[in-house]
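Numbering (this note's numbering), first residue to last: 67 to 366. Glycine included, each C-beta is placed from N, C-alpha and C at the ideal position. Since we're looking at a predicted model, the values are computed, not measured. Notes follow once the structure below has been shown.
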């Protein structure tokens, strides 16, 4: 009988190498998440004293809060609309940026500039541009249906502005994802299609799009999680108004916790948001079969 083969441990790092990452995750991710989960069962103003246990009172209130229900609807609507706006534009720009067009690198670098600035700075920039008194919107407002230029003062205009600013800011990031994915597609597939007489449009729908399936799913998951946790732009641009017309779930959590000083209820909102965002992400991965994919080169 031949001896059993000895498994080689060459190139396999020990558990000690994972300790820094695991400690970081424990301190700055899992720990705060568990703390917020605990606070959701308490009453606390966040200033002095200790949280007092209140049972499931905050969770019962969560289901009865009409503002919360409206915020959920707006968050889901924002998620759907930002995906519909960002995905086609980012996909087309990413495929274009992966090509060999003249001046492509320079134009791509200029287009990706919004990624270098913070969300707060960009929100302040757009709030200035959309100011009806001295902003650019005062001149172009009548052309887009706002005679007085007060876009942020109307329900339709304020929500549209939030979607526009979010898309303008994050389309470059998703474009980078599609650019990287498009560059991994073998050139031989396009050469073979050209020999068969397929034009640019047919190559895009029969080669490029199927080969970018993994990238589309990855981008979609990031868009969904990002839209459900979108906050800073709403805070600076509209402050949830006019009224509650742009009060999405993260902003309502901020209003409840840091304005009304009701940290227990705000923690319940935050915990519910984490659960819903995680559930939607896992559902997308499950339904699309992303977990079973092993390569972006699906046609090979």
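When the distance is taken between beta carbons, is residue j closer than 8 angstroms to residue i?
i, j, result
"residue 313", "residue 306", "yes"
"residue 197", "residue 207", "no"
"residue 248", "residue 284", "no"
"residue 189", "residue 294", "no"
"residue 124", "residue 330", "yes"
"residue 107", "residue 121", "yes"
"residue 266", "residue 102", "no"
"residue 250", "residue 259", "no"
"residue 134", "residue 261", "no"
"residue 148", "residue 233", "yes"
"residue 297", "residue 320", "yes"
"residue 350", "residue 286", "yes"
"residue 138", "residue 315", "yes"
"residue 223", "residue 217", "yes"
"residue 174", "residue 156", "no"
"residue 86", "residue 105", "no"
"residue 151", "residue 229", "yes"
For a test of the three-state rule: what should DSSP assign to residue i, helix, strand or coil?
i, result
"residue 305", "coil"
"residue 91", "helix"
"residue 108", "strand"
"residue 221", "helix"
"residue 239", "helix"
"residue 364", "Its pLDDT being 45, under 50, residue 364 is placed unreliably in this model, and the coordinates cannot settle the point."
"residue 177", "helix"
"residue 326", "coil"
"residue 230", "helix"
"residue 184", "coil"
"residue 120", "coil"
"residue 67", "The predicted model places residue 67 with a pLDDT of 49, which falls under 50 and marks its position as unreliable; any figure quoted below should be read in that light. Three-state DSSP puts residue 67 in coil, outside helix and strand."
"residue 334", "helix"
"residue 310", "coil"
"residue 166", "coil"
"residue 156", "helix"
"residue 171", "helix"
"residue 355", "coil"
"residue 145", "helix"
"residue 286", "helix"
"residue 213", "coil"
"residue 133", "helix"
"residue 299", "helix"
"residue 205", "helix"
"residue 426", "Outside the displayed range of the chain (67 to 366) lies residue 426, so it cannot be described from this structure."
"residue 80", "coil"
"residue 198", "coil"
"residue 99", "helix"
Assign residue i to buried or exposed, taking buried as 16 or more other Cβ atoms, counted over all protein chains shown, within 10 Å of its Cβ.
i, result
"residue 90", "exposed"
"residue 361", "Here the model assigns residue 361 a pLDDT of 49, short of 50, so the residue's position is not dependable, and the following value carries that caveat. So residue 361 counts as exposed."
"residue 83", "exposed"
"residue 339", "buried"
"residue 160", "buried"
"residue 94", "exposed"
"residue 199", "exposed"
"residue 323", "buried"
"residue 326", "exposed"
"residue 212", "buried"
"residue 236", "buried"
"residue 221", "exposed"
"residue 333", "buried"
"residue 144", "buried"
"residue 132", "exposed"
"residue 254", "exposed"
"residue 225", "buried"
"residue 88", "exposed"
"residue 171", "exposed"
"residue 130", "exposed"
"residue 79", "exposed"
"residue 278", "buried"
"residue 366", "The predicted model places residue 366 with a pLDDT of 48, which falls under 50 and marks its position as unreliable; any figure quoted below should be read in that light. That one is exposed."
| query | Counting pairs of Cβ atoms below 8 angstroms between the stretch 329 to 349 and the stretch 284 to 299, do you hit three or more? | reply | yes
| request: Scan the stretch 247 to 279 and note each continuous beta strand (DSSP E) run of 3 residues or more that stays entirely inside, going in chain order. | output: none
| task | Please determine if the stretch 175 to 189 and the stretch 232 to 244 are in contact, where contact requires at least 3 C-beta pairs separated by less than 8 angstroms. | result | yes
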